[in-house]
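Positions 1 to 302 (full-length UniProt numbering) are the ones given, in order, by the sequence shown.
Inspection log for the structure reproduced underneath, given as structure tokens.
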Amino acid sequence: MEVMHAPGNSVSIISTVPSKAPDRSVKYVFRTSDRATFEAVQLWEGEHQAYSVCMSAQAGCRYGCTHCATTFARTPFVRNLQAEEITSAVGQLEEHVRAQQGPLVWVDFAGVGDAAANWTHVTTAAKAILGRELARHVKVTSIAPQAWVRNLLKPKSWLPDRLMFSLHGANAAQRRVVIPRADDPSTVLPLWATVAEMRPVVVNYVLCEHNTRPEDETALTRLLAPYAGCFSILRLSSFNPVLGSPLRPSTREAEFIAALTRDLDGWTVSHHLSAGRETAAACGQLRAEILDLAPPAKRPEL
Ligand code: SF4
């Protein structure tokens, strides 16, 4: 295992894995001074001819999403990352990138952990990242619980440049199959739409067997129709299978995508075929792989 120490910084890179796929991504595992681990992925954004970083907000995660490798790791949650640890990790990756192209195009808090659950440290780190010009933009991906979104909507709250919120179900029960702590979509969507008046917001929906049936096309269309023109896009994401997950990839992705594209007037619908399928770059996959954080023997029941 490659070990790189960064004197004076609170985190060190303990592993670097260049992608085998021709996508120029580089995956890193960091270790903190108290031996917590977290990961970051340097991604090539071909459209921008620049690198971005997918950054973790926590060492592990408490949310327990059933499509996520972090949930099935032996140490699913350790602790929140400190702002200095996040900034230090981004600074180390940015050094690698700057020599070739200059600052990172953006840092996206879409790695292990949810930024919403460590918001004080994430916002402090984000401001430092932008202030030191380590990246041009900061994005945040979250399950977007309503208490956190209400805080975002308070006057003078700091907001990232862009956000992506995870929906994954047309009603509360279906959403909770993927995100056990999820709020009812009918409660959070009006709040999400208010955020979308201030910043571009993508709504993400992972395509699984249980939420892409013909009746789900109708339910999702009905749920989202009132929000035509509010959000940047509806991003339909192919499920990136992870060891231990009880979820199954959808066998009718193409029909589902076609139906939503046809029926959702005023929405831009896009399909994202996860790069993680080739590179094991989904949340927590790298950390689990490098540190041999084996999944539990028993698969949880849905
Ligand atoms: S998908 Fe994100 S929020 Fe959900 S368990 Fe994984 S790291 Fe946590």
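Where a beta carbon is used, it is the ideal one built from N, C-alpha and C, also for glycine.
Exercise for the section: Check the DSSP bridge columns for threonine 32 and list the partner residues they point to. Expected result: Counting from one through the sequence shown, the residue named residue 32 turns up at place 32. Answer by DSSP bridge pairing, in chain order: Val11.
Exercise for the section: Return yes when the C-beta of isoleucine 86 is under 7 Å from any heavy atom of ligand 1, and no when it is not. Expected result: By 1-based counting over the sequence shown, the position of residue 86 is 86. The answer is no for isoleucine 86.
Exercise for the section: Can you give me the Cβ contacts of cysteine 65 inside the same chain, cut-off strictly under 7 Å, excluding the 5 residues immediately before and after it? Expected result: For the purposes of this step, residue 65 is taken as residue 65 along the sequence shown, with counting starting at 1. Thr71, Val178, Ile179.
Practice task
Measure the alpha-carbon distance for isoleucine 129 versus threonine 218 and round it to whole angstroms.
Solution key: As a first step, residue 129 must be located in the sequence shown, where it is residue number 129. As a first step, residue 218 must be located in the sequence shown, where it is residue number 218. Each residue's alpha carbon lies about 42 Å from the other.
Problem - Length of the line joining the Cα atoms of valine 188 and phenylalanine 231 - result: Along the sequence shown, read from residue 1 onward, the residue named residue 188 stands at position 188. Along the sequence shown, read from residue 1 onward, the residue named residue 231 stands at position 231. So the alpha carbons of these two residues sit roughly 14 Å apart.
Exercise for the section: Determine contact between the segment 66-85 and the segment 134-148, defined as no fewer than three beta-carbon pairs at a distance below 8 Å. Expected result: With a cut-off of 8 Å, the segment 134-148 and the segment 66-85 do not count as touching, because too few Cβ pairs lie within range.
Practice task
Could you say which of Trp267, Asp263, Arg213 lies nearest to threonine 251 if we only look at CA atoms?
Solution key: Stepping through the sequence shown from its first residue, residue 251 is reached at position 251. The option with the nearest alpha carbon to threonine 251 is Arg213.
Exercise for the section: State buried or exposed for threonine 268, treating a residue as buried only when at least 16 other CB atoms are found within 10 Å of its CB. Expected result: On the sequence shown, residue 268 is found 268 positions in, with the first residue counted as 1. Taking a 10 Å sphere around the C-beta of threonine 268, we find fewer than 16 other C-beta atoms and assign the residue as exposed.
Exercise for the section: Return the chain-ordered list of same chain residues with a C-beta closer than 6 Å to the C-beta of alanine 193, the five sequence neighbours on each side being excluded. Expected result: Reading the sequence shown from its first residue, position 193 is the one you call residue 193. The residues Tyr227, Cys230, in chain order, have a CB closer than 6 Å to that of alanine 193 in the same chain once the five nearest residues on each side in sequence are set aside.
Practice task
Could you tell me whether the Cβ atoms of leucine 167 and asparagine 204 are closer together than 8 Å?
Solution key: For the purposes of this step, residue 167 is taken as residue 167 along the sequence shown, with counting starting at 1. For the purposes of this step, residue 204 is taken as residue 204 along the sequence shown, with counting starting at 1. In this structure, leucine 167 sits near asparagine 204, with a CB-CB distance shorter than 8 Å.
Handout entry: Environment of arginine 175 [buried if 16+ CB atoms lie within 10 Å]
Key = Counting from 1 along the sequence shown, the entry for residue 175 is found at position 175. Label assigned to arginine 175: buried.
Practice task
With a threshold of 16 other CB atoms inside 10 Å of the CB of glutamate 94, please say whether the residue is buried or exposed.
Solution key: Counting from one through the sequence shown, the residue named residue 94 turns up at place 94. Within 10 angstroms of the beta-carbon of glutamate 94 lie 16 or more other beta-carbons, which makes it buried.
Problem - C-alpha gap between alanine 57 and proline 249, whole angstroms - result: Reading the sequence shown from its first residue, position 57 is the one you call residue 57. Reading the sequence shown from its first residue, position 249 is the one you call residue 249. Rounded to whole angstroms, alanine 57 to proline 249 spans 27 Å at the Cα level.
Handout entry: valine 112: CB within 7 Å of a non-hydrogen atom of ligand 1
Key = In the sequence shown, the residue the question calls residue 112 occupies position 112. Result yes, Cβ under 7 Å from ligand 1.
Practice task
Per DSSP, which residues does threonine 37 bridge with? Please list them.
Solution key: For the purposes of this step, residue 37 is taken as residue 37 along the sequence shown, with counting starting at 1. Per DSSP, Arg31.
Practice task
Compute every distance between the C-beta of cysteine 54 and the non-hydrogen atoms of ligand 1, then say whether any falls below 7 Å.
Solution key: The residue given as residue 54 occupies position 54 in the sequence shown. Ligand 1 has no heavy atom closer than 7 Å to the beta-carbon of cysteine 54.
Exercise for the section: Please list, in chain order, all residues of the same chain as threonine 123 whose beta carbon is under 7 Å from its beta carbon, the five residues on each side excluded. Expected result: If you number the sequence shown from 1, residue 123 lands on position 123. Around threonine 123: Trp158.
Practice task
Could you check what DSSP says for glutamine 49 in three-state terms: helix, strand or coil?
Solution key: Numbered from 1 along the sequence shown, position 49 holds the residue referred to as residue 49. Coil.
Handout entry: Contact set for glutamate 215: own chain, Cβ-Cβ below 7 Å, skip 5 residues either direction
Key = In the sequence shown, the residue the question calls residue 215 occupies position 215. None.
Exercise for the section: Give the DSSP-derived three-state secondary structure of aspartate 108 in the structure shown. Expected result: In the sequence shown, residue 108 corresponds to position 108, counting from 1. Strand.
Practice task
Give the straight-line distance between the Cα atoms of serine 270 and valine 202, rounded to the nearest whole angstrom.
Solution key: Here residue 270 refers to the residue found at position 270 of the sequence shown. Here residue 202 refers to the residue found at position 202 of the sequence shown. Straight-line Cα distance between these residues: approximately 10 Å.
Exercise for the section: Identify which residue in Gly169, Leu153, Pro160, Val53 has its Cα closest to the Cα of valine 206. Expected result: One-based indexing of the sequence shown puts residue 206 at position 206. The candidate whose alpha carbon is nearest that of valine 206 is Gly169.
Practice task
Compare the beta carbon distance of alanine 99 and alanine 40 with 8 Å and say whether it is the shorter of the two.
Solution key: Start at 1 with the first residue of the sequence shown, and residue 99 comes out as number 99. Start at 1 with the first residue of the sequence shown, and residue 40 comes out as number 40. No, the Cβ-Cβ distance between alanine 99 and alanine 40 is not below 8 Å.
Practice task
Within its chain, find whatever has a CB closer than 6 Å to the CB of asparagine 211; leave out the 5 residues flanking it on each side and keep chain order.
Solution key: Taking the first residue of the sequence shown as 1, we reach residue 211 at position 211. Result list for asparagine 211: Gly169, Gln174, in chain order.
Exercise for the section: Kindly list the residues whose CB is nearer than 6 Å to the CB of glycine 266, restricted to its own chain and excluding five residues on each side of it in sequence; keep chain order. Expected result: Translated into positions along the sequence shown, residue 266 becomes position 266. The residues are Ala228, Gly229.
Handout entry: Burial state of leucine 104, where buried means 16 or more other Cβ atoms lie within 10 Å
Key = On the sequence shown, residue 104 is found 104 positions in, with the first residue counted as 1. In the assembly as shown, leucine 104 is a buried residue. Its beta-carbon has 16 or more other beta-carbons within 10 Å.
Handout entry: methionine 198 burial status per 10 Å Cβ neighbour count (16 or more: buried)
Key = Numbered from 1 along the sequence shown, position 198 holds the residue referred to as residue 198. Exposed: under 16 other Cβ atoms inside 10 Å.
Handout entry: Residues bridged to threonine 16 [DSSP beta-bridge criterion]
Key = Working through the sequence shown from its first residue, we reach residue 16 at position 16. DSSP lists Tyr28 as partners of threonine 16.
Handout entry: Reduced DSSP category for proline 226 - H, G, I as helix; E, B as strand; rest coil
Key = Numbered from 1 along the sequence shown, position 226 holds the residue referred to as residue 226. Helix at proline 226.
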